Amino acid sequence: MNGAAQGMIDKPLIDRTAAASGVRRLLLLGGALILAGASLAMFGRSYGEVAVFVIFGILSMIGIAAIFASALGLLRFSSRASDGGIAKDFLDTARTGLLILDRRGQVVYANRAYGDLTGATRPGEVRSLERLLAREAEATEAIYHLANLARDGRAGQREFRLAHSLAPAAQGEAMPCWYRVTVRPLPSRGGQMQAWQILDITADRKHEESSFQDLQHAIDYLDKAPAGFFASDAEHRIAYINATLAEWLGLDLADVKPYQRSFVEFLAPSCRSLYTERSKANAEGIDDIDLITASGRSLPVRLLRRPVGDDSAAPGIVRTLVLDRSGENDAATPVELAEARFTRFFNSSPMAIATLNPAGRVVRSNPVFRRLFGAEAAEGAAGFASAIREAGHEEFRKALAEAETGRSGIAPVDAEVAEERPRTVRLYLSSVPRVGPDGDECAILYGVDITEQRALEDQIAKSQKMQAIGNLAGGIAHDFNNVLTIITASVDFLLLNHRTGDPSFQDLLLIKQSANRAASLVRQLLAYSRRQTMRPKMLNLTDVVADMHLLLKRVSGDHAQLERQHARDLWPVMADIGQFEQVITNLVQNARDAMPNGGKITIATRNVSAAETAQFGYAELVDGDYVLVEVADTGSGMPPEVAERIFEPFFTTKEIGKGTGLGLSMVYGIIKQSNGFIYVDSTPGEGTTFRIFLPRFVPEEAVGQGPEIAAAAAAGAAGAKMDLSGTATILLVEDEDNVRAVNSRALTMRGYDVKEAASGVEALEVLEELDGEIDIVVSDVVMPEMDGPTLLREMRKTRPDLKFIFVSGYAEEAFAKNMPEGEKFGFLAKPFSLRELAVAVKTMLNEG
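Here you go:
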């Protein structure tokens, strides 16, 4: 095509902007000439001719000078036109069709591309897009929207599809076409105009559709591949998973959203540490692990992992290929299947397994070994001995040397893992024959974590020891109470026959005081053996400790600073307030003694939820809600061997004569009898902390608990002015002859008719002989042949209204739980005085 033809094509169809400018210039020039002629006419003929010659002479000179200046290049007349011509040439030759409308909607400019796209070949055929597409249903909505934007002086863009091309030459093909139409306001000196642009994007859309189709095919190929595939980020969240792997895992692809599920969820618990540790290395690797499907089935697979340094093309930094190793693949060879089974057993074993070379370094290990002994030992970067504490090094080296010589039956080695919180492991070594010239393995190491087992064994041993001591203490206390009862009763009889001035009176008082002191020691033994009488009720420990503040200030002394820290909304507990006050007093007294040079004692209370219980790490402490009481001091502390025995009876670190060693054992028994737990944490030179955990009490749980027990002994204060004489018939049941004799004598002196029985069977015979004419029965609890509660049930068969008082050195709760529901009876704890016995009998007889 020649230059002239090209110029015709590039010439715009309509361009009224230059024509309008030329008309305006011509009109201005004509007006100037008319005005000049009118002016000359006013001067007359003589001067007018001269003026005309002068004007034309000047114009001729200017014209000739302009011609020469233009020829020499000193003068250019088209600089502004040239500047605007570059932009105009760009618009005229642009691929995008451009249409400019004035404010009345008249076409001001339309380039050649606009005519080619809309089928206009002459200026008269050029129409606006709003008129051109008014009947095209597929484009009506888009053009209507753009037209409204244009009228409001706003810009916008829309894309639409037509079933045919707008150019008449292409209509015969009936091929769908895509167009992009843009409109924006165009300010000008003549007012606001509209600039419309239209571009045929059919080729771009076809390319996009082709690319999308190719992508769909690629995804389909990947989804239907015989291997699984997924991509994940640094936190193991799945960015993409193919259909094959989703089917293996039992997942619905429609429900799998990117970055919402972690691949670790589908790993067997034994393989998670291996996978996460290997992933941290950010390197290529091959791992044989087990996946857990949605149905709970285990699926052995091999992972071929490859990290991607640049993830700008697609999200996810790790691409992983997943191969099925379950044996369902027919292409797998027997050797491959055997290897897959071995790898599966090796990796899923709950026991730590590794092979060692003669230098004691790991050649191969399973995930449990890595988790138990660390990555450095598992990868052979350091000898295995570095993973355990020095105390076990020698035994391990001997066992490894025996394995290297091929010896069998190597004794296991117990060692502790070298970490901040040591764990106890039991190591089993067995020798393996060297396979191949390059084989470097001489022993197989099996490791079992026995930390919990050791802790449980120690706890059971300690509990059995404490229980044995408690049973011994309780048995001694029971027998000792009978002796003290006889001593106390005998002294009371002697005091009745001696006056204050009698020389023997003071000796008798000294005997009675010593007996009372011995009775106090017995009560402490009973507290340790958890057989003392308890009167639990609902308590708020914050209020209890606050009420004890003045007492505790005196107990702590002047050199110790006492501080209380209480949490809000403390849960209630069930405890005997008197016993609990004794516990706190004893602990504060011990804290004071541990700080001879002064210090601080802190008493703190707070709630401990079931979720927080395990964080303390106490093996015996069961999960549940507790109220925690802490008594801490800044004293000298205790070494571990002392702290282990601190609750044993008669164990004390104090000087002779400054303690019996029963204080903390009594505290231990009271807390245990209250269904709580007590622990001590102490560090030499730093101080000691006692922690008491009492179970949270829910008031609704109190409904229907236990029988109503008549505490006759509690009426002792009211009996100070009571008439203790009576004429009722009393059946006294006691297997100890001396105890029965003194009690019978004391009641007979008060006027009662006392019938005696040495056992429960004899008591039933006496009741039958007297034809049931018994007003009250006073019986021991522990007796041969038939105990007290059994005797009560048998007597209730013939005498349902018979009054009963139990006498025992044990706590009433020890036998009250075996009584029928709603049973009422009195209780008198040994040892007791003659007056306390008389008051208990009188009080029970006076009850309706």
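Counting along the sequence shown from 1, when you hit position 636 you're at 636 in our numbering, and nothing is skipped either side. Don't be surprised by glycine CBs; every beta carbon is placed ideally from N, CA and C. Just so it is clear, the structure is predicted and the values come from calculations on it, not from any experiment.
Taken in chain order, the complete beta strand (DSSP E) segments of 3 residues or longer contained in the segment 206-234 are 228-232.
In the structure shown, E686 adopts coil according to DSSP, grouped into three states. Note that the C-beta distance between A243 and L253 is below 8 angstroms. Take the alpha-carbon of A411 and the one of S430: they are about 10 angstroms apart. Inclusion of L731 and A757 in the CB contact set at 8 angstroms is warranted, their separation being smaller than that value.
Taking all protein chains in view, the Cβ of A391 is surrounded by fewer than 16 other Cβ atoms within 10 Å, so the residue is classified as exposed. Straight across, the Cα-Cα distance linking I289 with V301 is about 6 angstroms. Cα atoms of G557 and R606: separation of roughly 26 angstroms, rounded to the nearest angstrom. In the three-state scheme derived from DSSP, where H, G and I count as helix and E and B as strand, E159 is classed as strand. Here the C-alpha atom of G115 lies approximately 48 angstroms from the C-alpha atom of D223.
Of the residues assessed, F697 falls on the buried side of the cut-off, its CB having 16 or more other CB atoms within 10 angstroms. Taking every protein chain shown into account, the CB of Q615 has fewer than 16 other CB atoms within 10 angstroms, so this residue is exposed.
Listed in chain order, the non-local C-beta contacts of T293 below 8 angstroms within the same chain comprise W248, L249, G250, F266, L299, local neighbours out to five positions each way being set aside.
Assigned with DSSP and collapsed to three states, T202 falls in helix. Of the residues assessed, I486 falls on the buried side of the cut-off, its CB having 16 or more other CB atoms within 10 angstroms. The criterion of a C-beta distance shorter than 8 angstroms is satisfied by P367 and S273. Judged by DSSP secondary structure, H549 falls within the alpha helix (DSSP H) whose first and last residues are 549-556. When only Cα atoms are considered, A632 and H549 end up about 16 angstroms apart.
With the rule of 3 Cβ pairs closer than 8 angstroms, the segment 227-238 does not count as touching the segment 173-192. Just so you know, the alpha carbons of I14 and I86 end up roughly 18 angstroms apart. Around the beta carbon of K824, fewer than 16 other beta carbons lie within 10 angstroms, which makes this residue exposed.
The segment 438-449 makes contact with the segment 358-374; the number of CB pairs closer than 8 angstroms reaches 3 or more.
Counting only residues of its own chain and dropping the five nearest sequence neighbours on each side, S636 has a CB closer than 6 angstroms to the CB of A594. Just so you know, the alpha carbons of A728 and D502 end up roughly 35 angstroms apart. Exclusion of the five residues before and after A147 leaves E130 as the residues of its chain whose Cβ lies within less than 7 angstroms of its Cβ. Within the model, the alpha-carbon separation for R407 versus N357 is close to 15 angstroms. Between I601 and V588, the CB-CB gap stays under 8 angstroms. Taking all protein chains shown into account, I671 has 16 or more neighbouring C-beta atoms within 10 Å of its C-beta and is therefore buried.
H145: member of the alpha helix (DSSP H) spanning 137-151, first to last residue. Sixteen is the threshold: when 16 or more other Cβ atoms of the shown chains lie within 10 Å of the Cβ of N590, as they do, the residue is buried. For the pair L117 and L166, the CB atoms are nearer than the 8 angstroms cut-off.
Burial is judged here by how many other beta carbons sit within 10 angstroms of a residue's own beta carbon; R305 has at least 16 and is buried. Take R319, set aside five residues on each side of it, and the residues of its chain with a beta-carbon closer than 7 angstroms to its own are A231, R306, V308, in chain order. Secondary structure in the segment 562-639: the alpha helix (DSSP H) runs of 4 residues or longer, each lying completely within the stretch, are 577-593, 610-613 in chain order. Measuring C-alpha to C-alpha distances from A643 to each of I678, Y626, S609 identifies I678 as the nearest. Taken through DSSP and simplified to helix, strand or coil, C442 comes out as coil.
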